[in-house]
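0 is the number of the first residue of the sequence shown in numbering that gives the first Met the number 0; add one for each residue after it.
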Amino acid sequence: MKRFLSLTLALLVLTTLSLRAGSDRVIQTKQLPKAAQLFLAKHFAGRTVSLAKEDRDFSGTTYDVLLADGTEIEFSSRGEWKEVDGKRTALPTSFIPAQIINALRAQHAGESIVQIERKRRGYKVELSSGLEIQFDSRYQIVGYDD
């Protein structure tokens, strides 16, 4: 009987956690973290937010924003951008580290950045040609993928 109660309790806890883990909800732009709101106002001024979502899972909370032009932006729980995807459209470069911009101008002139992802140890950039470039945390190119 004691074992049955323990198993039942464990199952109940796991069920509750799994239901809570996948909770996504649509939110208003003003419900985004302040840093995310400022990022949108500064770097995507004049673009309309079509959808803002709060995503909660076991690893924490993130925010996803879809702009009317199709651009998708993912923010951390603190409102820092994690990934910006222009869906094959050039992104503004005002938020991209200058060292990355300079490296790309020197080695890939004429290419636009259409996607950028901030990783734990650097950045991944996709160019308009489809070429993906990996940068380390010191903004040095460490790899290519096409």
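By construction, the Cβ of each residue, glycine as well, lies at the ideal position given by its N, Cα and C atoms.
Bridge-paired residues (DSSP) for residue i
i      : result
Glu110 : DSSP lists no partner for Glu110.
Leu229 : In the structure displayed, the chain extends from 0 to 145; residue 229 sits before or after that span and is not available.
Gln133 : Lys123, Gly142
Phe74  : Tyr62, Trp80
Ile26  : Ala51
Arg117 : Tyr122
Beta-carbon gap between residue i and residue j smaller than 9 angstroms
i     : j      : result
Ile72 : Ala102 : no
Leu90 : Val64  : no
Asp23 : Lys41  : no
Thr28 : Leu37  : no
Thr92 : Ala67  : no
Anticipated Cβ contact below 8 angstroms, residue i with residue j, distance rounded
i      : j      : result
Ala34  : Arg77  : 6 angstroms
Glu131 : Asp145 : 7 angstroms
Thr60  : Thr88  : With 8 angstroms as the limit, Thr60 and Thr88 do not qualify as a contact, their Cβ atoms being about 28 angstroms apart.
Ile99  : Tyr138 : 6 angstroms
Ser127 : Glu116 : Not really, about 16 angstroms apart at Cβ, beyond 8 angstroms.
Val83  : Leu50  : At roughly 15 angstroms, the Cβ-Cβ gap does not stay under 8 angstroms, so Val83 and Leu50 are not in contact.
Buried versus exposed, by CB contacts within 10 Å (16 or more), residue i
i      : result
Tyr62  : buried
Gly85  : buried
Gly129 : exposed
Phe74  : buried
Gly142 : exposed
Gly45  : exposed
Phe57  : exposed
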